[in-house]
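Student: This structure is in structure tokens; I'll ask about it shortly.
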Amino acid sequence: MVQTRPHRLYAKGRVLGYQRAKHNVKEHTSLLQIEGLRTAEDTDFYLGKRVAYVYKAKRIIDGSRIRVIWGRVTRSHGTNGVVRAKFRHNLPPKSFGASIRIMLYPSRV
């Protein structure tokens with residue numbers, strides 16, 4: 273009997289914070305670091321992919337404490353493999369440094 277490991281259908285990443293300048297902060301755009309990306313050219317595959325910020329809340333709704341905020345990768349940011357993403361609801365500041373899931377759909381191939 274061959275044992276198979278479950279396959280992950282998403283890439284891992286981290287929330288770095290909001291897009292900002294010295295004084296201005298744009299809460300509607302979040303900066304994400306995707307695991308394994310080091311250059312701006314590496315980010316091309318992930319443009320348009322859906323992003324999920326999964327967290328646990330205190331109150332149970334529909335039998336679950338797990339909540340999700342969905343977003344989409346919009347473009348690259350800088351030259352070190354960071355991407356910008358817009359979420360349906362702005363990410364809360366407590367999400368900075370938290371892990372996110374970059375789904376491998378929709379495909380542009």
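When you read off a place in the sequence shown, starting at 1, and then add 272, the result is the number in my numbering. For each residue, glycine too, the CB sits at the ideal point set by N, CA and C. All values reported here derive from a predicted model rather than from experimental measurement.
1. If you check the beta carbons only, do Gly353 and Thr315 fall under 8 Å apart?
2. Do Tyr325 and Ala259 count as a contact pair if the criterion is CB distance below 8 Å?
3. Would you give the residue range spanned by the beta strand (DSSP E) that Arg286 belongs to?
4. Distance check for Arg373 and Gly285, CA to CA, integer angstroms please.
5. Would you list, in sequence order, the uninterrupted beta strand (DSSP E) runs of no fewer than 3 residues that lie entirely inside the region 315 to 381?
6. Could you tell me whether the region 292 to 300 touches the region 331 to 341, where touching means 3 or more Cβ pairs closer than 8 Å?
7. If you check the beta carbons only, do Ile341 and Leu363 fall under 8 Å apart?
8. Buried or exposed for His349, going by 16 or more other Cβ atoms inside 10 Å?
9. Please report the residue range of the beta strand (DSSP E) in which His300 lies.
Tutor: Once the coordinates are examined:
1. yes
2. Outside the displayed range of the chain (273 to 381) lies residue 259, so it cannot be described from this structure.
3. 282 to 292
4. 6 Å
5. 322 to 333, 336 to 349, 354 to 359, 371 to 375
6. no
7. yes
8. buried
9. 297 to 306
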